[in-house]
């Protein structure tokens, strides 16, 4: 449980003075000066090595919070947006939500037997991992949409909550929620401590990420933007209204869709944006095109020992997930974006290390 | 300028200790106890007459903020959603945004001369007010969408800002922004002071309302949900990316669309919802269907002297805008919703009275 924008309470009547202080300190609306008092006893960005990357973050935050400086940004305009998969937590060997969706295919086919002999369902039911690995991205998208549809949003939330609590990553044999990058958690906290509202802008499902974003990242549901299906309002047999997820994408929160999603759900251009793949390119470009001080960052996966190494920009093998292309690397250099090297910039990758 | 969730600063270096306190007090993440200290020197809901309606609000807020009580709601779940037109400000004789759209028709036709002889543009260009008054709602919707499209979101924002600063309501000859209901502004402030995040959920255009919501209601753009057009990401001649509004509705934030929009952009069910017409029915039903303490309210326009009187539920003439039908009135009674009588419950309607 990290410091949060709006932490859950332990229970009735147990809100202590200390909790009160933590709430005050974690509020995005606080004055930087007041918030910095929170830092007593904690070291900001302590899992980051000294160097150009950490310095770029510190310089940017100092510049936008200095009321006497030319780059000062009023607190309400301090919006920071983060991609999730590969930026805040592990995305290899396959996106977590896709794992969830694949495991839901048998139940879907049981409900809709006509899918049994149709691709991509047939391949998935075969259990042939090599064939599954060759499925194109649009097939995986279809599976995600199909396996999340036709449930009430409360049912979907409950099923997601149950799954995320029990699923384990094959490499570390730990819950996916423990595979958030410790330096990024510290960055989120540091930004909130300096008046930023932190948002997730994920290509993954909005409703999926919202289930655990508060617990893992300290980011409340209303600050999670992601690929979103349409919902349909209807009345149950008891006359009570409910919302059902529909198998129809309303917002495809990838590529250009990330800039469009930010406009739709925030309505302000971010001051800081961080991603790790070509799906984040337009979000960073859109952020960088605004006036005044902005910080654009890309996480580079170059640490096979502690995490994974992939991406042609570093002469590493490409990956079907999280492509960090040579063109994106070149654009980062040309545009003055900060490239975060997991290997060189992070003292540790996970909290459990 | 009202107390706000995240007020604009006067300027560089002018942030005073008093401003700091105001910011602290206005933060939605604060403890109720800490926030109540803000109330010193101010009377909450001072423009509300004593009576059942005011008491229902006070009782609800006391119940959900009492950590020892059975109806306590953690601060992060205190979401309050308000319709705008007819709930927070005047909607008669015609929705403000439609006035704006109608005034933009000549410029649209100049750009697209083929519209000149097509309805509804022909009627609007004729200047025949009686014929215009007979245009069906879907024609007005078409005009709103058409006149807001094909501009960059920044251009649209600038044009809206300019118009809203200069336009005047025909009855009071005052800016529309002065026609916000003073009791509702006090209610928004009272809720924020008790840890609520206040949202607008408007059938009007999301981008339109966002322009002035901070200044008028103390509600930042990211807490404004409304009917939203799709946007399109593209690169300008200078290589810089920009977003253009498209003539295609992504979210029709009316009727069932209000519940769907709340799920899309907040992801939590409101604890309090307030509207004034059949377009708000589903939002109130969705709010009421949640577990625990909830407050649903409807503003009844029964004050022809100070504002307007319309709605068959009170034997008043119906209106093409803001229909408060007999069926809605009956549902309010059956469901225990609170009906706010402008005439009886409000000491004054506007700040300038």
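Protein chains in written order, with the working numbering: chain A, 16 to 368; chain B, 16 to 368.
Glycine included, each C-beta is placed from N, C-alpha and C at the ideal position.
If you're wondering where the values come from, they're calculated on a predicted model, not measured in any experiment.
Sufficient close CB pairs (3 or more, under 8 angstroms) joining the region 147-160 of chain B to the region 190-200 of chain B: With the cut-off at 8 angstroms, the region 147-160 of chain B and the region 190-200 of chain B do not touch.
For residue 282 of chain A, return the contacting residues in chain B, with the cut-off set at a CB-CB distance below 8 angstroms. Residues of chain B passing the Cβ test: 221, 222, 225, 236, 237 and 239.
If we require 3 or more residues per run, which beta strand (DSSP E) segments fall completely within the region 174-234 of chain B?
212-220, all fully within the region 174-234 of chain B.
* Sort B:250, B:291 and B:238 by Cα distance to residue 277 of chain A and report the nearest one. => Taking only the C-alpha atoms, the option nearest residue 277 of chain A is B:238.
* Where residue 73 of chain B and residue 227 of chain A are concerned, what is the direct C-alpha to C-alpha distance, given to the nearest angstrom? -> About 33 angstroms.
**Message:** Quick check: the region 245-259 of chain B against the region 296-307 of chain A, are at least 3 beta-carbon pairs closer than 8 angstroms?
**Reply:** Touching, yes.
* For residue 68 of chain A versus residue 355 of chain A, is the C-beta distance shorter than 8 angstroms? -> In this structure, residue 355 of chain A lies closer than 8 angstroms to residue 68 of chain A by Cβ.
Who are the neighbours of residue 304 of chain A on chain B, taking C-beta pairs under 8 angstroms?
Going along chain B in sequence order, the residues near residue 304 of chain A (Cβ under 8 angstroms) are 255, 256 and 257.
| said: So with CB distances below 7 angstroms, who are the chain A contacts of residue 297 of chain B? | reply: By Cβ distance, chain A contributes 248 and 256.
In DSSP terms, what residue 63 of chain A is bridged to:
Paired residue(s): A:361.
Counting only Cβ-Cβ distances shorter than 7 angstroms, please list the residues of the region 299-330 of chain A near chain B, keeping chain order.
Cβ contacts with chain B come from 300, 301 and 304.
Would you report the Cα separation of residue 146 of chain B and residue 114 of chain B, rounded to the nearest angstrom?
-> Looking at the two C-alpha atoms, the distance is approximately 15 angstroms.
### Residues that DSSP places opposite residue 310 of chain B in a beta bridge
Secondary-structure assignment with DSSP links residue 310 of chain B through a beta bridge to B:287.
- prompt: Using a C-beta cutoff of 8 angstroms, does residue 243 of chain A count as contacting chain B?
  reply: Under the Cβ distance rule, residue 243 of chain A counts among the residues neighbouring chain B, one pair being separated by less than 8 angstroms.
### Query
Are the beta-carbon atoms of residue 282 of chain B and residue 236 of chain A separated by less than 8 angstroms?
Contact annotation: residue 282 of chain B and residue 236 of chain A have beta-carbon atoms nearer than 8 angstroms.
Contact check, residue 195 of chain A vs residue 279 of chain B, beta carbons under 8 angstroms:
Taking the C-beta atoms as reference points, residue 279 of chain B is found no nearer than 8 angstroms to residue 195 of chain A.
> Is it right to say residue 256 of chain A is buried, meaning 16 or more other beta carbons lie within 10 angstroms of its own, or is it exposed?
Replying inline: So residue 256 of chain A counts as buried.
Using a 10 Å radius around the Cβ and a threshold of 16 neighbouring Cβ atoms, would you call residue 369 of chain A buried or exposed? Because chain A spans 16 through 368 in this model, residue 369 of chain A falls outside it and cannot be assessed.
Notebook entry, point to check: Is any beta-carbon of chain B found at less than 8 angstroms from that of residue 271 of chain A?
Noted result: Yes, residue 271 of chain A counts as interfacial toward chain B.
Look at residue 363 of chain A and residue 62 of chain A and say whether their C-beta atoms are less than 8 angstroms apart. For residue 363 of chain A and residue 62 of chain A, yes; Cβs fall inside 8 angstroms.
At a Cβ threshold of 8 angstroms, is residue 184 of chain B touching chain A?
Nearest CB-CB separation between residue 184 of chain B and chain A: not below the 8 angstroms threshold.
Margin query: Give me the DSSP bridge partner(s) of residue 250 of chain B.
Written below: In DSSP, residue 250 of chain B forms a bridge with B:256.
(Q) I'd like to know if the region 170-187 of chain B and the region 122-130 of chain B are in contact, where contact means that at least 3 CB-CB pairs between them fall below 8 angstroms. (A) By the C-beta criterion, the region 170-187 of chain B is judged not to be in contact with the region 122-130 of chain B, since fewer than 3 inter-stretch pairs fall below 8 angstroms.
Rounded straight-line distance, which links the Cα of residue 112 of chain A to that of residue 183 of chain A:
Each residue's Cα considered, the two are about 12 angstroms apart.
Note to self: Residues of the region 84-100 of chain A in Cβ contact with chain B at a cutoff of 7 angstroms, in chain order, please.
What the structure shows: Contact annotation: in the region 84-100 of chain A, residues whose CB is within less than 7 angstroms of a CB in chain B are 87, 89, 90 and 91.
**Prompt:** Counting along the chain, where does the alpha helix (DSSP H) carrying residue 138 of chain B start and finish?
**Reply:** In the DSSP annotation of this structure, the continuous segment of the alpha helix (DSSP H) that includes residue 138 of chain B starts and ends at 136-141.
Three-way DSSP call (helix, strand, coil) for residue 337 of chain B in this model = When DSSP states are grouped into helix, strand and coil, residue 337 of chain B belongs to the coil group.
TODO: Find the nearest neighbour of residue 208 of chain A within the set A:365, A:368 and A:60, judged by alpha-carbon distance.
DONE: Check the Cα spacing between residue 208 of chain A and each of A:365, A:368 and A:60: the tightest is with A:60.
| said: Does the CB of residue 170 of chain A have a neighbour CB from chain B at under 8 angstroms? | reply: Residue 170 of chain A is outside the set of residues whose beta carbon lies under 8 angstroms from a beta carbon in chain B.
message: Quick check: is the beta carbon of residue 274 of chain B nearer than 8 angstroms to any beta carbon in chain A?
response: Closer than 8 angstroms to some Cβ of chain A, the Cβ of residue 274 of chain B qualifies, so yes.
message = Starting from residue 115 of chain A, trace the alpha helix (DSSP H) in both directions and tell me its first and last residue.
response = Its alpha helix (DSSP H) spans residues 111-126.
Pull the bridge partners of residue 324 of chain B from the DSSP assignment, please. Bridge partners of residue 324 of chain B: B:317.
Can you pull out the residues from the region 183-208 of chain A whose beta carbon lies closer than 8 angstroms to at least one beta carbon of chain B? Within the region 183-208 of chain A, no residue has a Cβ that lies closer than 8 angstroms to any Cβ of chain B.
| query | Less than 7 angstroms between the CB of residue 316 of chain B and some heavy atom of the ligand ZN, yes or no? | reply | As far as ligands go, the structure on display features none, and thus does not contain the ligand ZN.
Same chain, Cβ closer than 7 angstroms to residue 231 of chain B, neighbours up to 5 away in sequence not counted:
Apart from the 5 residues on each side of it in sequence, residue 231 of chain B sits with its Cβ closer than 7 angstroms to the Cβ of 192 and 195 in its chain, given in chain order.
Open item on the list: Does residue 155 of chain A come out as helix, strand or coil in the three-state DSSP assignment?
Closed with: In this structure, residue 155 of chain A counts as helix in the three-state DSSP scheme.
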